[in-house]
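This report concerns only the one structure given below.
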Amino acid sequence: MGNKFSSKFSKHFCSASDKRGTKRKLENDTDSAQSSDKEEASSQAGESPGTGTGSKFEVGLAPLSDIHTPKRKRLKSTSKYIYQTLFLDGENSDIKIYALGQEWNLHKIYLSQSPYFACMFNGSWRESLLSEIDLQIPDPAIDNLALKTAFGSLYRDYVFIKPVEVIGVLAAAFLLQLDGLKQQCLTLMSNTISGDTVCSYYEACCRYDVENLKEECYNWLLTNILTSSDLDLFKQLSVDMMMNLIGDPKLFVMQVEMDIYSVLKRWIFLKENTTWCGDYKSMLSSIDDYFKRTEEPDCFLETTTGQTYLPAFSHIRWQHIVIDLDSLLILEQDRIVNLDWIKPLFHGMWRKMLKLEQSKDKGPEEIPDENYFNKTSLRCGRLLKCEGEYCWRWVGYNYGVDILLTYVNNLIFIKRNTVSQPNPHSASLDKLKNLAYRLTIASVDKDGKVTERKSSEIQKISLQKDEETLVMTVNKAFTFPLYLSMNILLTGQPTSQPDHIDICSVARSRILRHTASQTRPVITCNAESQTECPAEKAAKSLVQDVSLSSATVKRCTTGKVVRDAAAGDSKKKLTVVQTSSSNSASVELLSPNTSTQTSENSIDKDQSEVLNGSSSTPPSVTSSSKRVLKYPDDEEIL
1 MGNKFSSKFS KHFCSASDKR GTKRKLENDT DSAQSSDKEE ASSQAGESPG
51 TGTGSKFEVG LAPLSDIHTP KRKRLKSTSK YIYQTLFLDG ENSDIKIYAL
101 GQEWNLHKIY LSQSPYFACM FNGSWRESLL SEIDLQIPDP AIDNLALKTA
151 FGSLYRDYVF IKPVEVIGVL AAAFLLQLDG LKQQCLTLMS NTISGDTVCS
201 YYEACCRYDV ENLKEECYNW LLTNILTSSD LDLFKQLSVD MMMNLIGDPK
251 LFVMQVEMDI YSVLKRWIFL KENTTWCGDY KSMLSSIDDY FKRTEEPDCF
301 LETTTGQTYL PAFSHIRWQH IVIDLDSLLI LEQDRIVNLD WIKPLFHGMW
351 RKMLKLEQSK DKGPEEIPDE NYFNKTSLRC GRLLKCEGEY CWRWVGYNYG
401 VDILLTYVNN LIFIKRNTVS QPNPHSASLD KLKNLAYRLT IASVDKDGKV
451 TERKSSEIQK ISLQKDEETL VMTVNKAFTF PLYLSMNILL TGQPTSQPDH
501 IDICSVARSR ILRHTASQTR PVITCNAESQ TECPAEKAAK SLVQDVSLSS
551 ATVKRCTTGK VVRDAAAGDS KKKLTVVQTS SSNSASVELL SPNTSTQTSE
601 NSIDKDQSEV LNGSSSTPPS VTSSSKRVLK YPDDEEIL
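Going by UniProt numbering, the first residue of the sequence shown is number 1, and it counts up by one from there.
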């Protein structure tokens, strides 16, 4: 019974299901046919399928996601059409611009977007009535390609600029006062600073007074100049730029002070041998040969060629070079710098060493003055190429304080090593030592641009024997390679002895003395009532009169002081005369009431070496009224 009922029920169920399926199939076939008819009718009427109205299936069958999905279809660009038709083809042009030997068929309505042309066309200028204008281009950086880019930017809303062309386009943007194009150029330049572009970008920023980008270029050089192996970069650096970089307290010194000297050697060699090409290793031997081949008795910086580069050496901290024996031997062998120029430092350095050895100098007692710190502190640094643990010391004698730096787990420690690790120098056993430091770290990308930077203020710390202290935490934003630069001061406050010497000033004073020995002026001190013979005046090529009291002190560039002997005399007239004869052998200070004998009251005993005999007397002056003094050409009267 159950089986019979089940089979009967199944039979009726299947038949009903088949009927419903057949009906649904017929409805679908009908809908498909209607849809095909509507699409065909729409295509004949110029409509696309699915755009008709009053159709139920369009809303019912379209997935919800299709309604919000944009359909991409390229239309013909109006901007491109305008650029091609009006700018390149010059159709319907109402003005012709002649510039750089080329004719431009342009349109005033487009050119008026530039304030330069807007003022020209709408003002009372003569050009407002002309249909042809001869445009003068005073800037040599602007060429035809740059001018085409600038004019073309007025006809479309985008511009493609290559880094090698950007300076010319920037110059054209400044000329035509196109702020949008100008900003696009500056953005491109900021994003493409590298060793190939930094010098040209910096010069352009100086020319057009772009301070922000100029500072970016300068900071790039401060970070990378001592680590760069780009030879063309050094050939482009000027003497003034190198002098400013070496003297800047933010310079990243990537080893010790001696490396600055080595970089200057490389720079001079490449500037003097612009056609030289080769690898880095061969350059080192070529540099040594270049400076050693000269047979002149003078050092390189004393020669005519070397004097050009002298200012770049003025900011080297020689006190941190001559304390290392190997560095001192290199200076002697190179013969670039005359060691007599830096001898005034030796006395003060010797006194410092004695004070430290006898425990009379514990280091800075307080945070030192920033200017003093920037001029005298030890500059050193390290390049950490990849993640890891590092521990190092910088070479050189550090006045009995062995400093170890450690980088581990994003932490930087400084340690005063005494007995825990081997020390290449003698170490002070004082219980406590003070030091001042400033630490700077920076992450750079492949082009040398700083992506992250952190710097501490000038800090003063006290370290006991083998004590270690944390100086900086490196956060996760920093990536490798990591540049680390540190300034350290180990001695106390300045003394009467010089802590730093500018060899540029010392060298120039010697050069002036040498020049003065070739042409010697005559200094004649006459009473106000005294008159000169016209024949004597005719023999003089330069006369300068100044009023001097009897207590006037004259200091020449060599530092020697000459005082007037007659303390009670009235004011006298000082006549500085450059004789026409180049064979004169002395500088003469003449007074009508002064005898030829030189007393100790008139000239200090320690200056007696500047006195000369009276045999070389000009014919216009009697020997009974003169004192002969050697004095440089460019005397300075205080």
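C-beta: ideal position from N, C-alpha, C; glycine also.
Using a Cβ-Cβ cutoff of less than 6 Å, which residues in the same chain neighbour N224 once the five nearest sequence positions on both sides are dropped? By the criterion of a C-beta distance shorter than 6 Å, N224 is surrounded in its chain by G448, once the five residues flanking it on both sides are discounted.
Would N398 be called buried (16 or more neighbouring beta carbons within 10 Å of its own) or exposed? By the neighbour-count rule (16 or more Cβ atoms within 10 Å), N398 is buried.
Closest to N374 by CA distance: which of D334, G247, Y390 is it? Comparing alpha carbon positions, the residue from D334, G247, Y390 closest to N374 is G247.
Please state if the CB of E387 and the CB of F300 are separated by a distance shorter than 9 Å. No, they are not a contact pair.
Do D326 and residue 648 count as a contact pair if the criterion is CB distance below 9 Å? No statement about residue 648 is possible, as the shown extent of the chain runs from 1 to 638 and does not include it.
Is D209 helix, strand or coil when you go by DSSP? Looking at D209 - three-state DSSP - the assignment turns out to be coil, as it is neither helix nor strand.
Neighbourhood of A477 by C-beta, 7 Å cutoff - its chain only, sequence neighbours within 5 removed: When the five nearest sequence neighbours on each side are left out, the beta carbons in the same chain lying within less than 7 Å of the beta carbon of A477 are those of E452, in order along the chain.
Taking its Cβ as the centre, do 16 or more other Cβ atoms sit within 10 Å of W341, making it buried, or is it exposed? Burial state of W341 is buried, judged by a 10 Å Cβ sphere holding 16 or more other Cβ atoms.
Please classify C277 as buried or exposed, where buried requires at least 16 other C-beta atoms within 10 Å of its C-beta. Looking at its Cβ environment, which holds fewer than 16 other Cβ atoms inside 10 Å, C277 is exposed.
Short of 8 Å in beta carbon distance, which residues of its chain neighbour H107, apart from the five on each side in sequence? Order them along the chain. So the qualifying residues of the chain are L86, N92, S93, D94, I95.
Please list, in chain order, all residues of the same chain as L186 whose beta carbon is under 6 Å from its beta carbon, the five residues on each side excluded. So the qualifying residues of the chain are L213.
For K415, is the classification buried or exposed, using 16 other Cβ atoms within 10 angstroms of its Cβ as the cut-off for buried? The residue in question, K415, is buried, as its Cβ has 16 or more Cβ neighbours within 10 Å.
Who pairs with M258 in a beta bridge, going by DSSP? For M258, DSSP records no beta bridge to any residue.
Kindly indicate which residue of S377, S314, M283, R351 has the alpha-carbon position closest to the one of Y320. Per the sequence shown, residue 320 should be read as His rather than Tyr. Looking at the Cα atoms, S377 is the closest of the given residues.
Q183, DSSP secondary structure in three states: Note: Q183 maps to helix in three-state DSSP.
Exposure of residue 680, with buried meaning 16 or more beta-carbon neighbours within 10 Å: Beyond the ends of the chain as shown, which are 1 and 638, falls residue 680; an answer cannot be given.
Using DSSP with H/G/I as helix, E/B as strand and the rest coil, what is A427? Looking at A427 - three-state DSSP - the assignment turns out to be coil, as it is neither helix nor strand.
Beta strand (DSSP E) segment containing E468, residue limits: For E468, the uninterrupted beta strand (DSSP E) run begins and ends at 468-473, by DSSP.
If you run the structure through DSSP and keep just helix, strand and coil, what is V444? Note: V444 maps to strand in three-state DSSP.
Relative to the C-alpha of L270, which residue among W318, K235, L328, P249 is closest? Ranked by Cα distance from L270, the options W318, K235, L328, P249 are led by K235.
Just to confirm, are Y483 and L404 a CB contact at a threshold of 9 Å? For the 9 Å CB-CB criterion, Y483 and L404 do not form a contact.
Tell me whether Y483 sits in a helix, a strand or coil according to DSSP, three-state version. In the three-state reduction of the DSSP assignment, Y483 falls in the strand class.
Please report the straight-line C-alpha distance between T305 and N410, rounded to a whole angstrom. In this structure, the CA atom of T305 is about 48 Å from the CA atom of N410.
Using 8 Å as the cut-off, can you tell me whether the segment 355-369 makes contact with the segment 283-299, which would need three or more C-beta pairs spanning the two stretches below that distance? Verdict: no, contact absent.
Taking Y309 as the reference, which of V239, L329, D298 has the closest Cα? Looking at the Cα atoms, V239 is the closest of the given residues.
Whole-angstrom distance between L237 and E165, CA atom to CA atom: C-alpha separation (whole angstroms): 21 Å.
Which word fits I161, buried or exposed, when buried means at least 16 other C-beta atoms lie within 10 angstroms of its C-beta? Classification of I161: buried, given that the 10 Å Cβ count is 16 or more.
Give the secondary structure of F160 by DSSP, where H, G and I count as helix, E and B as strand, and everything else as coil. When DSSP states are grouped into helix, strand and coil, F160 belongs to the coil group.
Measure the Cβ-Cβ separation of Q113 and L178 and say whether it is below 9 Å. Going by C-beta atoms, Q113 is nearer than 9 Å to L178.
If we call anything under 9 Å between Cβ atoms a contact, is M243 one with H315? Yes, the Cβ-Cβ distance between M243 and H315 is below 9 Å.
Counterpart residues of F252 in DSSP-defined beta bridges: As DSSP reads the structure, F252 sits in no beta bridge.
3-residue-minimum beta strand (DSSP E) runs that sit fully inside the UniProt domain "BTB" (93-163), ordered along the chain: The UniProt domain "BTB" (93-163) contains these whole beta strand (DSSP E) runs: 95-99, 102-106, 132-134.
N- and C-terminal bounds of the alpha helix (DSSP H) containing L170: Here the alpha helix (DSSP H) through L170 covers 166-176.
In this structure, how does DSSP classify L226 when only helix, strand and coil are distinguished? Of the three classes helix, strand and coil, the one that applies to L226 here is coil, per DSSP.
Any chance the segment 463-472 sits against the segment 195-210, with 3 or more Cβ pairs inside 8 Å? Short answer: they don't touch.
Just the C-alpha distance for S586 and L512, rounded to the nearest angstrom, thanks. Residue confidence is low: S586 scores 38 on pLDDT, short of 50, so the model does not pin down where it sits. Its coordinate-derived value is still stated next. If I take the Cα positions, the gap works out to 15 Å.
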